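Protein sequence lines correspond, in order, to chains A and B. FYI, the UniProt record's numbering numbers position 4 of the first sequence as 4, with every residue one higher than the one before it. FYI, the UniProt record's numbering numbers position 65 of the second sequence as 65, with every residue one higher than the one before it. Here is the structure we will look at, set down as structure tokens.
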Amino acid sequence: MTAMAGTSATPRGRTATAPPPPAGPRPRRIAALPTAALVLGALYCVVPTLWILVAATKSRTKLFSTDTYVPSLDLGLVHNIRDLSDYQHGIFWHWMLNSFFYATVGGVLASLVSAATGYALAKYAFRGRTALFNTILAGVLLPQIVLAVPQYLLLSKAGLTDSLLGVLLPQLFNPYGIYLCKIYAESAVPDSLLEAGRIDGAGEGRLFVSVGLRLMGPGLVTVFLLQFIAIWNNFLLPFVMLTSDDKFPLTVGLYSLLRHGAAEASLYSLVITGTLLSVLPVIALFLSLQRFWRIDLVTGALK
Amino acid sequence: MARPTPTARRTSAFPYLLVLPAVLLFAAFVVAPGGYALLLSFQRRKVNGGLLGGGTHTVFAGLANYRDVLGDSELWSGVVRMLLLGAITVPATVLLALLFAVLLDIEGTRLRRVTRLTIFLPYAVPGVIASLMWGFLYLPATSPIGGDRVDFFGQVAVYFSVGNVAVWGAVGFNMIVIYTALRALPAELYESARLDGASEWQIIRRIKVPMVMPAVVMCTLFTVLAALQVFNEPNTLKPLSNAVSSTWVPLMKIYDDAFGNSDIYSAAATSVVLTAAALLVSFGTARLIQSRVQQEAA
Numbered sequence: 001m002t003a004m005a006g007t008s009a010t011p012r013g014r015t016a017t018a019p020p021p022p023a024g025p026r027p028r029r030i031a032a033l034p035t036a037a038l039v040l041g042a043l044y045c046v047v048p049t050l051w052i053l054v055a056a057t058k059s060r061t062k063l064f065s066t067d068t069y070v071p072s073l074d075l076g077l078v079h080n081i082r083d084l085s086d087y088q089h090g091i092f093w094h095w096m097l098n099s100f101f102y103a104t105v106g107g108v109l110a111s112l113v114s115a116a117t118g119y120a121l122a123k124y125a126f127r128g129r130t131a132l133f134n135t136i137l138a139g140v141l142l143p144q145i146v147l148a149v150p151q152y153l154l155l156s157k158a159g160l161t162d163s164l165l166g167v168l169l170p171q172l173f174n175p176y177g178i179y180l181c182k183i184y185a186e187s188a189v190p191d192s193l194l195e196a197g198r199i200d201g202a203g204e205g206r207l208f209v210s211v212g213l214r215l216m217g218p219g220l221v222t223v224f225l226l227q228f229i230a231i232w233n234n235f236l237l238p239f240v241m242l243t244s245d246d247k248f249p250l251t252v253g254l255y256s257l258l259r260h261g262a263a264e265a266s267l268y269s270l271v272i273t274g275t276l277l278s279v280l281p282v283i284a285l286f287l288s289l290q291r292f293w294r295i296d297l298v299t300g301a302l303k
Numbered sequence: 001m002a003r004p005t006p007t008a009r010r011t012s013a014f015p016y017l018l019v020l021p022a023v024l025l026f027a028a029f030v031v032a033p034g035g036y037a038l039l040l041s042f043q044r045r046k047v048n049g050g051l052l053g054g055g056t057h058t059v060f061a062g063l064a065n066y067r068d069v070l071g072d073s074e075l076w077s078g079v080v081r082m083l084l085l086g087a088i089t090v091p092a093t094v095l096l097a098l099l100f101a102v103l104l105d106i107e108g109t110r111l112r113r114v115t116r117l118t119i120f121l122p123y124a125v126p127g128v129i130a131s132l133m134w135g136f137l138y139l140p141a142t143s144p145i146g147g148d149r150v151d152f153f154g155q156v157a158v159y160f161s162v163g164n165v166a167v168w169g170a171v172g173f174n175m176i177v178i179y180t181a182l183r184a185l186p187a188e189l190y191e192s193a194r195l196d197g198a199s200e201w202q203i204i205r206r207i208k209v210p211m212v213m214p215a216v217v218m219c220t221l222f223t224v225l226a227a228l229q230v231f232n233e234p235n236t237l238k239p240l241s242n243a244v245s246s247t248w249v250p251l252m253k254i255y256d257d258a259f260g261n262s263d264i265y266s267a268a269a270t271s272v273v274l275t276a277a278a279l280l281v282s283f284g285t286a287r288l289i290q291s292r293v294q295q296e297a298a
């Protein structure tokens, strides 16, 4: 670890042969211990994923017999992916698509709802505004997961269980997203710009879309990704709502596969392969969206 | 909120239109389910007897469900397990998040970008998937970390094994929250301390940590709220080990009542109790924070 830190110790823009400049700021000391501790933390976070990658390369029989941390090089991964794709006519890929569908559609709609509400709270004075804002603040503290069972009980009365809507609709109200949008609208959308638009004769609706939504853009990406991840990670709501396995998201699908695996150990290698395949795309998505996503916005800090 | 907007004079329907979707969703998926659960919790199913044949109908049960639920030792064992688990996950998550955030903020630390991102990534891994990964790491037959010698599902160990999955998933997000708060502090704050000969450690202990306390408290609040609703991790580890029963924590008990025993009335009563307890804890904590902040401001 210290060796890794040491290689990057040479300040950029200075060659190794050049003598250090006599004056100027002294070269920064490398904090070796903090770096080592962070690397340890990063290892802790990445080890399960790496192991699952190794385990997914093994065939059913080798999974339980060979050294657990040595990958198998005989195309086990290819076989496992083929087995998984064959399982119940490729239902795994259905689950993957469902997860993306729920998370994307739910994320977009929840962000729009949050944006509209946050913008109204920040930019208009209307009766009940304070009460609404306080309710939303209280909503942040609400135990959302516990609500899943009552939501099921009610939606089963309405005949909405085991449907896409039953999974999507309860996840569109996101109090934290509304709170963030209010903060973004307050700081990113100047009143003067709205006034100027009104003088030019723009309607309120157009102002919201072409000024409000546009200026809140970076914040909205954050709200979208937060909700995308929340829906992607959600288990209990789809677990109680859905009974037909072609509507399952990945979390519920893999869980059901594991439950069958308790009786049939050969399914374990499918579960492991499925776990790997479900972790990779979202990590890739994350890394590729990093440029657009300012993580610091999750706290509402705008600087 | 304090500054009145120029639009205040205008009374139009537009702001109401904007907030309408959120209000409807809140009514339909928060208020209504809560109210319906409350209603169900005062009812129970009664089997019709007599000559007219079988069948069931619902009757008003008063507080009978609550009496049964609160007298159920299984629920209380679940509450104790939830508290034990929370006693591990809450301090571990918050302290590790604070530690990593502080380390990231030290000037000479290297590899900041990559370590920050790597520690944050588990946030994007669903609790169920995380439990599957760790579950196979614990399982004696597949474990690369000595699961054949150490029993990760032992009587005491199981709390750490379940807790570890929750901590793994939560540290990164909280670290970012605290790190953001640290970055927002003005650098001049440390300059004079440095000139006075304060060590990096003293600056961390005397200046940085006290200044980011509000962020730490917020993280604690959200971690506590998650601990009260713990479900995914023990529920996913259950098929892998006998150490986790189907009523291991309160939310699993609610699920088991509703779907295992088809007793929606008990499930509703337990949901009401758990929701009330969670609200009490989170509002209590929020109140506590508010009064402390006001004290400091005064």
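The beta-carbon is built from N, C-alpha and C at its ideal position, and this holds for glycine as well. Computed from a predicted structure; not experimentally measured.
With A:F173 and B:V30 assumed to form a contact (beta carbons below 8 Å), what rounded beta-carbon distance in angstroms separates them? 7 Å
B:W134: contacting residues in chain A (beta-carbon distance under 8 Å): P48
Cα-Cα separation between A:R26 and B:R194, rounded to whole angstroms: Note that A:R26 scores 47 on pLDDT, short of 50, meaning its location in the model is unreliable; the coordinates nonetheless yield the value given after this. The alpha-carbon atoms of A:R26 and B:R194 are separated by roughly 16 Å.
Could one say the Cβ of B:L182 lies closer than 8 Å to chain A's Cβ atoms, at least one of them? no
Please work out which residues of its chain come closer than 7 Å, Cβ to Cβ, to A:V240, disregarding the five sequence neighbours upstream and downstream, and give them in chain order. A148, V149, Y152
Whose C-beta lies closer than 7 Å to the C-beta of A:L257 among residues of the same chain, with five residues either side of it excluded? L267, L270, V271, G274
is_contact[A:T143, chain B] using C-beta, thresh 8 Å: Per the sequence shown, residue 143 of chain A should be read as Pro rather than Thr. It does; some Cβ of chain B falls within 8 Å.
What's the C-alpha gap between A:W93 and A:S85? 7 Å
At least three beta-carbon pairs within less than 8 Å, the region 216–228 of chain A to the region 105–118 of chain A: yes
Are the CB atoms of A:G217 and A:L168 within a distance shorter than 8 Å? no
Starting from the Cα of B:L225, find the closest Cα among B:M133, B:P15, B:Y123, B:A286 and give me that residue. B:A286
Would you mind reading off the limits of the beta strand (DSSP E) that contains B:T58? 56–60
Which of the three DSSP states, helix, strand or coil, is assigned to B:R116? helix
Give me the subset of the region 7–38 of chain B whose CB atoms are less than 7 Å from a CB atom of chain A, sorted by chain position. T7, A8, S12, F14, P15, Y16, L18, V19, P21, A22, L25, F26, F29, V30, A32, P33, G34, Y36, A37
For a quick check, are the C-beta atoms of B:F60 and B:Q43 less than 8 Å apart? yes
Taking its Cβ as the centre, do 16 or more other Cβ atoms sit within 10 Å of B:F236, making it buried, or is it exposed? According to the sequence provided, residue 236 of chain B is Thr. The question's Phe does not apply to it. Per the 10 Å Cβ criterion, buried.
Which residues share a DSSP beta bridge with B:Q43? B:F60
For B:S143, collect the residues of the same chain with a Cβ closer than 8 Å to its Cβ; drop the 5 residues on either side in sequence, then sort them by chain order. F136, L137, F152
Same chain only: Cβ atoms within 6 Å of B:D263, ignoring 5 sequence neighbours per side: D257
Please check the pair A:L165 and B:L103, which I expect to be a contact at CB under 8 Å, by giving their CB distance rounded to whole angstroms. At roughly 46 Å, the Cβ-Cβ gap does not stay under 8 Å, so A:L165 and B:L103 are not in contact.
Does the distance from the C-beta atom of A:V252 to that of A:F235 stay below 8 Å? yes
Member of B:A267, B:Y123, B:L251, B:V281 whose CA lies at the smallest distance from the CA of B:S77: B:L251
Assign B:S241 to buried or exposed, taking buried as 16 or more other Cβ atoms, counted over all protein chains shown, within 10 Å of its Cβ. buried
Taking only three categories from DSSP, how would you classify B:S131? helix
Using a Cβ-Cβ distance under 8 Å, would B:R110 count as near chain D? In the structure shown, chain D does not exist; the protein chains are A and B.
Test: B:A157 CB closer than 8 Å to a CB of chain A: no
For A:A158, which of B:A166, B:Y36, B:L18, B:S245 has the nearest alpha-carbon? B:Y36
Taking the C-alpha atoms as reference points, what is the distance between A:L207 and B:S245? 56 Å
How many Å lie between residue 307 of chain B and B:S266 at the Cα? Chain B is shown only over 1 to 298; residue 307 of chain B falls outside these bounds and no answer can be derived.
Distance between beta carbons of B:K253 and B:T270, contact taken as under 8 Å: 6 Å
B:G127 and B:G169 closer than 8 Å at C-beta: yes
Going along chain A, which residues have a C-beta under 9 Å from B:N174? Neighbours of B:N174 on chain A: none; closest Cβ ~11 Å, over 9 Å.
8 Å Cβ cutoff, B:F283 in contact with chain A: yes
Length of the line joining the Cα atoms of B:A2 and A:P190: Any reading at B:A2 needs caution, since the residue's pLDDT is 46, under 50, leaving its predicted position unreliable; the model's value is listed next. The alpha-carbon atoms of B:A2 and A:P190 are separated by roughly 15 Å.
Tell me, please, whether the CB atom of A:S278 is closer than 8 Å to any CB atom in chain B? yes
Please determine, among A:V46, A:Y44, A:L43, A:G76, the residue with the shortest C-alpha to C-alpha distance to A:S59. A:G76
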